[in-house]
Every structure is written in structure tokens, then in C-alpha cells.
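Novice: Protein chains in written order, with our numbering: chain A, 1 to 110; chain B, 1001 to 1113.
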Amino acid sequence: GESVGLHLPTLSVQEGDNSIINCAYSNSASDYFIWYKQESGKGPQFIIDIRSNMDKRQGQRVTVLLNKTVKHLSLQIAATQPGDSAVYFCAEEYGNKLVFGAGTILRVKS
Amino acid sequence: DGGITQSPKYLFRKEGQNVTLSCEQNLNHDAMYWYRQDPGQGLRLIYYSQIVNDFQKGDIAEGYSVSREKKESFPLTVTSAQKNPTAFYLCASSILGGITEAFFGQGTRLTVV
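#1: Just confirm the distance between the C-beta atoms of G59 (chain A) and I77 (chain A), as a whole number of angstroms; I'd bet it's less than 8 Å.
#2: Does DSSP classify F1012 (chain B) as helix, strand or coil?
#3: For chain B, is any of its Cβ atoms less than 9 Å away from the one on Q81 (chain A)?
#4: Kindly say whether Y1064 (chain B), judged by its beta-carbon, lies nearer than 9 Å to any beta-carbon of chain A.
#5: CA-CA distance, A1031 (chain B) and E1015 (chain B)?
#6: Measure from the C-beta of S1007 (chain B) to each C-beta in chain A and report whether the shortest distance is under 9 Å.
#7: Counting pairs of beta carbons, one from the stretch 5-25 of chain A and one from the stretch 99-108 of chain A, are three or more of them closer than 8 Å?
#8: Please confirm whether E1015 (chain B) has its beta-carbon closer than 9 Å to some beta-carbon of chain A.
#9: Give me the chain A residues within the contact set of E1101 (chain B), using Cβ-Cβ distance strictly less than 7 Å, ordered along the chain.
#10: Under 8 Å: do the stretch 1058-1065 of chain B and the stretch 69-83 of chain A share three or more Cβ pairs, one atom per stretch?
#11: In terms of residue numbering, what span does the beta strand (DSSP E) encompassing S1022 (chain B) cover?
#12: Here's a check: name, in chain order, each residue in its chain whose Cβ is nearer than 6 Å to the Cβ of S1073 (chain B), leaving out the five neighbours to either side.
#13: What residues of chain A sit near F1114 (chain B), judged by a beta carbon separation below 9 Å?
#14: Is S3 (chain A) close to chain B? Criterion is C-beta to C-beta, closer than 9 Å.
#15: Using a Cβ-Cβ cut-off of 9 Å, state whether R1109 (chain B) counts as contacting chain A.
#16: Beta carbons nearer than 9 Å to chain B: which residues of the stretch 58-71 of chain A have them?
#17: What in chain B is Cβ-close to A29 (chain A), meaning under 8 Å?
#18: Please classify R51 (chain A) as buried or exposed, where buried requires at least 16 neighbouring CB atoms within 10 angstroms.
#19: Please list the partners that Y1033 (chain B) has in chain A, where partner means a Cβ-to-Cβ separation under 8 Å.
#20: Leaving out five residues before and five after S28 (chain A) in sequence, what residues of the same chain have Cβ atoms less than 8 Å from its Cβ?
#21: Can you tell me the Cα-Cα spacing of N1053 (chain B) and S110 (chain A), whole angstroms?
#22: Checking 9 Å against the spacing of the C-beta atoms, do K37 (chain A) and Y88 (chain A) come in under that value?
#23: Candidates B:L1027, B:T1086 and B:I1051: which alpha carbon is nearest E1069 (chain B)'s?
Quick look at the structure:
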């Protein structure tokens, strides 16, 4: 339904610390999940993905964890840098389309 | 370079006018999507298409129309029936509907004046 007026949560972290961004997804039958990063005024960019037959996947400085029991996804960013400041979205594959979560603003303090 | 291109980047429309946003991809992707993003909010699905000459409504299709006459192109028309058209519009494409990552364009910011 409509989400007008619902604003994104914000996570503030100190430069160099680790960040953990959480996402609850909707459908237990979803098979594929993606994390996107969106900088101001730009389109979302792919960060990392994971399929439902995995619990964890690591990339460069990022790790995605999937807990299917509670339908929860998290993105961990190691040694957060100022360039990591952005909005982060999770997306789930459902009904042959990608459905996006509400997003989290990450602010990195120097 | 392969990619997905939206144009124009900024668009102004007078109330009561229809306007069409362009989305072109040269990635040979089957599926294409249109999302709307309001300030400080997430992405909401307007329409999507998995194959040429076929498309489905998303969560907020009212006041919008699309066509998919070519695999590479998926234009979105914002009609005068859309009561709050001012927003950031994002187009995306993927190989098959949702089972691989979607690639996004850089968006079109539409403002009603």
C-alpha cells in the first residue's frame, strides 16, 4: 500500500567502525535477495546478492546474512568509510519481480 | 558501453499535461521495470514487463501507462490522471524477471509546475 509520509531510518556510524544494516522481507517463498546502494540523485547500484540456499555471502568489505526462519536479511560493512554514506535497500525476488524494502540511510561521521 | 539509459534527467510538466519518460537498455535484458521514489522514501513498483508486448501493473499503476514494443525500450507515460506526479522515476532491467540482479538507470526527476 501507500507509504507516503514514511521516512527512512538512519544509521550513524563513526568512520572505521563496522556497520550493520537490517531488513525484514515479506515472503517466505522468496528465493533471491539483493542489497543496493543509492547515492543522492542517482540510481541504485548493486552491492551483493544471496540465494535462499545460503546463509552468508561475503564480498569486498561487505557481508550479507540471511535468516530465513525470521525472514531477516542484514548487510555488514567493515571499516566504514565516508564514501559508504548512502541509502541502502534490500530487495527480494517475489512473483518474478523485485520488491524493495523501505531502505536505511547510512551516515558516516569522520 | 552496455547499460540502461533514462532521459531526460530533469523534466518539468504543467498540470494537466501528459509526459513520457524514456528508458533504453542495450543489455539484451528480457525484463524491465519502472519504480517511483519520493523524497526520503523507498522504491515503489509502477509497471514491469517480462517480454515484448506484455506488461503488468505494479503496486501504484494508477495514472501511469507503459508500452513494450521493443525489447530495448520501455517508455513510461505519466498522465494527467496521476494526482501527485512530482517524484524521482527509476527504470531497471534484468535478464529474467527478478532472478538475477536488476540494473538501474540514473533516474528522471519529474516536477509539476
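Idealized CB from N, CA, C, for every residue including glycine. Every value quoted in this text rests on a predicted model; they were computed, and no experiment measured them.
Specialist: From the atom records:
#1: Position 59 of the first sequence holds residue 59 (chain A). Position 77 of the first sequence holds residue 77 (chain A). Here G59 (chain A) is actually not in contact with I77 (chain A); their C-beta atoms are around 10 Å apart, not less than 8 Å.
#2: Taking the first residue of the second sequence as position 1, residue 1012 (chain B) is located at position 12. Strand, per DSSP.
#3: On the first sequence, residue 81 (chain A) is found 81 positions in, with the first residue counted as 1. Chain B, which has no Cβ nearer than 9 Å to the Cβ of Q81 (chain A), makes this no.
#4: Mapped onto the second sequence, residue 1064 (chain B) falls at position 64. It does not; no Cβ of chain A falls within 9 Å.
#5: Here residue 1031 (chain B) is taken as the residue at index 31 of the second sequence, counted from 1. Here residue 1015 (chain B) is taken as the residue at index 15 of the second sequence, counted from 1. Between A1031 (chain B) and E1015 (chain B), the C-alpha separation is close to 31 Å.
#6: Position 7 of the second sequence, counting from 1, holds the residue named residue 1007 (chain B). With a threshold of 9 Å between beta carbons, S1007 (chain B) makes no contact with chain A.
#7: yes
#8: In the second sequence, residue 1015 (chain B) corresponds to position 15, counting from 1. Not one chain A Cβ lies under 9 Å of E1015 (chain B).
#9: Start at 1 with the first residue of the second sequence, and residue 1101 (chain B) comes out as number 101. In chain order: I34, F46 and D49.
#10: no
#11: Residue 1022 (chain B) sits at position 22 when you count from the first residue of the second sequence. Counted as a single uninterrupted DSSP element, the beta strand (DSSP E) harbouring S1022 (chain B) occupies residues V1019 to Q1025.
#12: Translated into positions along the second sequence, residue 1073 (chain B) becomes position 73. Excluding sequence neighbours, S1073 (chain B) sits near E1024.
#13: Here chain B has residues from 1001 to 1113 only, and residue 1114 (chain B) is not among them.
#14: By one-based count along the first sequence, residue 3 (chain A) stands at place 3. With a pLDDT of 35 at S3 (chain A), under the threshold of 50, the modelled position of this residue cannot be trusted; read the value that follows with caution. With 9 Å as the cut-off, S3 (chain A) counts as an interface residue toward chain B.
#15: As a working mapping, residue 1109 (chain B) is identified with position 109 in the second sequence. Answer yes: the Cβ-Cβ gap between R1109 (chain B) and chain A drops below 9 Å somewhere.
#16: none
#17: Here the question's residue 29 (chain A) lines up with position 29 in the first sequence. Simply none; closest approach about 12 Å.
#18: Mapped onto the first sequence, residue 51 (chain A) falls at position 51. By the 10 Å Cβ count, R51 (chain A) comes out exposed.
#19: As a first step, residue 1033 (chain B) is located in the second sequence; it is residue number 33 there, counting from the start. Correct list: K97 and L98.
#20: Here the question's residue 28 (chain A) lines up with position 28 in the first sequence. The residues are K68 and K71.
#21: On the second sequence, residue 1053 (chain B) is found 53 positions in, with the first residue counted as 1. On the first sequence, residue 110 (chain A) is found 110 positions in, with the first residue counted as 1. Rounded to the nearest angstrom, the two C-alpha atoms are 51 Å apart.
#22: In the first sequence, counting from the first residue as 1, residue 37 (chain A) sits at position 37. In the first sequence, counting from the first residue as 1, residue 88 (chain A) sits at position 88. Yes.
#23: As a first step, residue 1069 (chain B) is located in the second sequence; it is residue number 69 there, counting from the start. Comparing Cα positions, the closest option is B:I1051.
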